[in-house]
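So the structure is just underneath, and the comments pick up after that.
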Amino acid sequence: MANFIIWRLLATLLLLLIVSLLVFWACEILPGDVAQVALGQYATPENVRALRIEMGLNEPPVQRYLAWLAGAVQGDWGRSLVTKSSVSALLSERVANTALLAGVTTLIAVPLAIFLGVVMAMWNGRAVDRGASVVILALSATPEFLLATLLVLLFAVNLGWLPAVAYLSTGSGLGQTVRALLLPTASLVVVVTAQIARMTRAIIGNILTQPYIEMAMLKGVPDRRVVARHALRNAVGPIANVVALNTAYLVSGIVVVETIFAYPGLARLMIDSVQSRDLPVVQACAMIFCATYVLLILLADVLARVFDPRSLPQRPMDAI
Amino acid sequence: MTSVSASKRPSPTLLISIAILSIFVLIGLVSLVALPQDPFDFITDEPFRPAAAGMWLGSDYLGRDVLSRLMDGTRITLFMALSATLLAHLIGDTLGLLAATRGGFVDTVLSRIVDVILALPKIIVGLVVVAALGSSIPVIIGIAAVVYSAGVFRIARALGNDLKEMEYIKLARSRGEGMGWILFGEMMPHVGKPLATDFAIRASFAILFMSSLSFVGLGVQPPMADWGGMARENLGGLSTNPLAAIGPAIAIALVSIALNLLVDSLDGDARH
Amino acid sequence: MSDTILTVDDLSIATTAGTTVLDGISLKVCRGEVVALIGASGSGKTTLALAALGHLRPGLVPAGGSVRLDGTQMLTAPQTVLNRMRGQSAAYIAQSAAAAFNPRIRLGDQVIESALLHGSQTPDRARARAQELFRYISLPTPERIGTRFPYQVSGGQLQRFMIAMGMQEEPLLLVCDEPTSALDVTTQVEVMRLLKQVIADNQTAALFVSHDLAVVAQIATRIAVMRAGRIVEIGETQQIIEAPREDYTRELIAACQHLSLHSLTQAPSRPSAAAAAPALQVQGLNAGYGRVTDGIPQIPTLRGVDLTVGKSEIVAVIGESGSGKTTLARVVAGLHAPAAGTVALNGSPLAGLDMQRTGTERRRIQLAVQMADTALNPKHKLRRILGRVLAFFHGLKGAAAEARMRELLAMVSLPEHYLDRYPTQISGGEKQRVNLARALAAEPDILICDEITSALDTIVAGQIVALVKRLRDELGLTIIFISHDLATVASIADRVTVLRHGRVVEAGESAAVLSAPKAPYTRLLVASVPELRQGWLEDAAATRAALATELETSRRGAA
């Protein structure tokens, strides 16, 4: 088991290295000269050449990559081409905001989803379960931007209770933070909860068909306890795996939600930087997203393996 | 806990999902020949005019007919999603089954490449590649195809590996049967259904993915519009003509939900 | 009146689609009585057993009649009442203990669980009682064994835990659902003896479900023969065994006797053909899993195994789980590479894996496996399954192939129209026949049957065994018949080889080996085959005890 984890960690490091290479390379092949775009109407040939030298674009790519990588590992992501300020400074606040959004969403969604999933599995077959299943399925397939748009329409436009744009800065107090977070979080929570609940129901439903569940019932164990004590214990692994995976998938929802609500997070920063061709920022954002994603997937794999019944040792033979 | 009985009749969810999907496919086909108005024409000076005669869903931010643009967008969105998923399956199924039956070096190399692709969050890949190559329809279809073929590869490979262990496959090999018979004679009937199911689900992912790209401005570029792009351009008019932005968003949701319901009801029938 | 624990009154149960599963069953079980329910699969015996506990599997509904346990109507009682009675008034002993225990909860906790829930025992009292039971059923280290998890104890021990769990609250009725079917023959004796003792000591009433009449005859006071949801005949054990009234009962008894060691005396002795050039010769075979060093694999399953099979002989290879018999089958068939030793067909040595063998060699050795479900592609019609083999090995197509396929089906006694059926549309016994037909289609010299009857009921198993013998008699096939059960092979084997822990323990003419075995293990195997007479169980237990020490030393010596 320890061997497995160590190997996976090493593989993950290698993976991150490859990812950094890909990110760097992708930004390298951007059409259009970076310096030219940055200078805009002041782009005379001399200015462009000078800026290229200043930006270090003349050096061979391998050298630039290594320099970038070395800097990134120490926390120095270079300078923004647009604002000329340190990328790390730009990042820190944005990363915190996005982490806040993701964190609050997960904290609300996961317990809610597991509870719903368990309840639906227990009521399997009854009309309530069928209706609830369809609703949950529909919600899990709904795009976040539909939900977000509807919420904005209802709460911001019609009722005026909440802002359509999320104002959040380092000085914001708790009340303002909550008001800024409410709609974005709600849009995300609904979809993520539905997805996790759906998987949980399938997992528990599957466990409930196992022979030892029938045996427990034949011993007179009441339904609720059968689920709580017998089923859940065996469901922990697969459910943890599902939760970790869905947290990783949050990234696509976050991109959309931050756009709609103009939430000052990392995803919006990345989109803006892509549009303004601000390479160092794009590279940094991509790396952070990718690294988080990879680590969450690793966590999911490890959890699945640790709780897999097949990882239990073999049964001894009957002695004759 | 109550018992569940098997039903021989098709479930209502199955029928509803097929109905929804058929309607949209029909709209897409109709849009090739006839539309209420020209989707690119400014038919009114007033942007975000609420629904009226001749403009059943009102006008968009430039004064164009929302309904016509929506129908036009149906064709674009569905075409892009289907092409991407088809490509993804062509690549993923072939390579996946090959990796499973061949094993060894081929399997290892392909699996590692797929691992790297799957390690990248799809939308981030989309953003970066669009930044590099610009956002045109072929580029977007290409990104989606590559990214999703990795997932299809995993599934096809897993199917192949499971089948490999079946006694009748082992017996066929021990007879001395060639790869051709084993893949097409013995395995194919088993992989048809699971792969078709995956196709439907993946198509729904593709629609959501590509719409999200358009929604953040990096997808289909104006004046053409797929549903995601329409939702984006008309967000500003939520207070006057909300249908302009919500219409396309609902369309995306409907197709995605219908596909999910379809797959779920087919799986359910198989379970019983 | 208070002596009658269970009363089943004209009980009918059907599926939600309307198919009858139980049809007007009436039955009484009194204190201290063991009523056996015997029948083939599909006879409804498990449904009846579960109904005694008020439990119907998903898809089943009551269609009339009642089940009364200690005065309570079980099919209409509210869930809380049922929960209270289960474990306390009636306990269930499942067929597969391995599946019935939650893999992640300690065994001791699972044993006392229902007692604690019912409040019938305090935690301390419950644990003490559990420990008493562990000692009573001869589990090693009874004070500590309750802290183990299911994967840490053997299959036989798990079955004992099941019995302890059932007896924890001293129930009035014990429902045993094929409790020994999943066990090795030698372990079966132990568990049966234990059950009999437990029931006698506590004067418990018991319902004992089985498909094996010989097993049931050891323990039942009365036997109810079931078929297609009805009780065909019910009476005292003695009467059923010696003077059955119904034809079906007679069929069951005949099948049971056919597959017993007594049939040995009826088999005509064949002259030993092994002296002449043997059809198949295995010498010094080592096989297993993992890396091979010096011809010995990391995890050995076969060690120095020799086997000689003469032309048109039926040689039986007997072994319990872990003996390596399946590995032997797979090595000979070319599905598993040996680590050392040779396999020779008609004198010429064969390559280890079938991929390295010639087409002719592959054709001449055919393998029929136990699980016919996975051996036949469920998406292929039988016509395709058989046709492929004919086309592949003999180039037969079209009308010629069709004719040959009909011949093959006739050989295994299946009707012609089955060619258009799928494997999912035929029964377990029929699938085995198709398995054999497919092997025959190749026209092999040697047919290896790997436990082909183990998953079948007694009557069906008997028919398959008879078929195998007929194939040898009519076609001159050489057959290697692998089984864990001596009784199955007694009627057809010319010679027998006994395997234990990967080594050959004894080999020779079947008459000699089975009636006068030399090795202690073989003696134990022979003594463990249930006979259709009462009192056999006690004899077998005595023999087993006597052999125990001999076996211990021989096992340690071999390891």
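Residue numbers (my numbering), protein chains in the order written: chain A, 1 to 320; chain B, 1001 to 1272; chain C, 2001 to 2559. Ideal Cβ positions, reconstructed from N, Cα and C, are used throughout, including at glycine.
Item, Value
"Check threonine 2020 of chain C in the structure and name its three-state DSSP category.", "strand"
"Using three-state DSSP, classify glycine 1092 of chain B as helix, strand or coil.", "helix"
"With burial defined as no fewer than 16 other Cβ atoms inside 10 Å of the residue's Cβ, what is the status of alanine 2375 of chain C: buried or exposed?", "buried"
"With DSSP collapsed to three states, give me the class of glutamate 2242 of chain C.", "helix"
"Using only CA atoms, which one of A:Gln63, A:Ile53, A:Val152 lies nearest to proline 1242 of chain B?", "A:Val152"
"Is it right to say asparagine 1260 of chain B is buried, meaning 16 or more other beta carbons lie within 10 angstroms of its own, or is it exposed?", "buried"
"Could you name the residues of the same chain whose beta carbon sits closer than 6 Å to that of serine 1017 of chain B, not counting the 5 residues immediately before and after it, in chain order?", "Ala1258, Leu1261, Leu1262"
"What is the DSSP secondary structure of valine 2412 of chain C, reduced to helix, strand or coil?", "coil"
"Might you give, ordered along the chain, the residues of its own chain that have their beta carbon closer than 6 Å to the beta carbon of proline 2103 of chain C, omitting 5 neighbours on each side?", "Pro2150"
"Buried or exposed for serine 20 of chain A, please, with buried defined as at least 16 other CB atoms from any protein chain shown within 10 angstroms of its CB.", "buried"
"At a CB distance below 8 Å, what residues from the region 2 to 17 of chain A approach chain C? Give them in sequence order.", "none"
"Got a sec? Which residues, its chain only, sit under 6 Å from isoleucine 1143 of chain B by beta carbon, not counting five neighbours each side?", "Gly1126, Val1129"
"Mind checking glycine 2295 of chain C: buried by the 16 CB within 10 Å criterion, or exposed?", "exposed"
"CB-CB under 6 Å to alanine 2548 of chain C, same chain, minus the five flanking residues each way: which ones, in chain order?", "none"
"On the DSSP bridge list, what partners appear for alanine 96 of chain A?", "Answer is none; alanine 96 of chain A lacks a bridge partner."
"For valine 2209 of chain C, which residues from the same chain have a beta carbon less than 7 Å from its beta carbon, with the 5 sequence-adjacent residues on both sides left out?", "Leu2037, Lys2045, Thr2046, Ala2049, Cys2176, Asp2177, Glu2178"
"Taking Cβ positions, are leucine 1119 of chain B and valine 294 of chain A nearer each other than 8 Å?", "Reading off the sequence, residue 1119 of chain B comes out as alanine, not leucine. Result yes, Cβ atoms of alanine 1119 of chain B and valine 294 of chain A sit closer than 8 Å."
"Going by C-alpha distance, which of B:Leu1183, B:Val1109, B:Asp1065 is nearest aspartate 1093 of chain B?", "B:Leu1183"
"Return the first residue and the last residue of the alpha helix (DSSP H) that phenylalanine 2481 of chain C is part of.", "It is not in any alpha helix (DSSP H) - phenylalanine 2481 of chain C instead sits in the beta strand (DSSP E) that spans 2478 to 2483."
"Hey, does valine 221 of chain A have any beta-carbon neighbour from chain C nearer than 8 Å?", "yes"
"I'd like to know if phenylalanine 2101 of chain C contacts chain A, where contact means its C-beta is closer than 8 Å to some C-beta of that chain.", "yes"
"Checking the sheet assignment: what are the DSSP bridge partners for phenylalanine 307 of chain A?", "According to DSSP, which records beta bridges pairwise, phenylalanine 307 of chain A is partnered with nothing at all."
"How would you write the range of the beta strand (DSSP E) that valine 1147 of chain B sits in, first residue to last?", "Element bounds for valine 1147 of chain B: not the beta strand (DSSP E) but the alpha helix (DSSP H), 1137 to 1164."
"Closest to leucine 1266 of chain B by C-alpha separation, out of B:Ala1253, B:Thr1197, B:Ile1155, B:Ile1207, would be which residue?", "B:Thr1197"
"So is isoleucine 2105 of chain C in contact with chain A if we call contact Cβ pairs under 8 Å?", "yes"
"Under 7 Å between beta-carbons, which chain C residues line up against proline 1189 of chain B? List them in chain order, please.", "Lys2379"
"Closer than 8 Å by beta-carbon distance: list the chain B residues that pair up with isoleucine 203 of chain A, in chain order.", "Those do not exist, as isoleucine 203 of chain A stays about 14 Å from chain B at its closest Cβ, beyond 8 Å."
"Tell me asparagine 2286 of chain C's beta-bridge partners as DSSP assigns them.", "C:Ala2340"
"Looking at the structure shown, is serine 20 of chain A part of a helix, part of a strand, or coil, going by DSSP?", "helix"
"Please confirm if the region 2320 to 2340 of chain C is in contact with the region 2389 to 2405 of chain C, defined as three or more CB-CB distances below 8 Å between the two stretches.", "no"
"Buried or exposed: which applies to phenylalanine 1042 of chain B, given that a residue is buried once 16 or more other Cβ atoms fall within 10 Å of its Cβ?", "exposed"
"Closer than 8 Å by C-beta to glutamate 2443 of chain C: which residues in its own chain qualify, once you throw out the five before and the five after it? Chain order, please.", "Arg2363, Phe2393, His2394"
"Of the residues that make up the region 154 to 185 of chain A, which ones have a beta carbon closer than 7 Å to any beta carbon in chain B?", "Val157"
"Within the 8 Å Cβ cut-off, does serine 2096 of chain C reach chain A?", "yes"
"Leaving out five residues on either side along the sequence, give the residues of the same chain with a beta carbon under 7 Å from the beta carbon of arginine 1157 of chain B.", "Gly1096, Ala1099, Ala1100"
"In the DSSP assignment, the alpha helix (DSSP H) including proline 238 of chain A goes from what residue to what residue?", "232 to 260"
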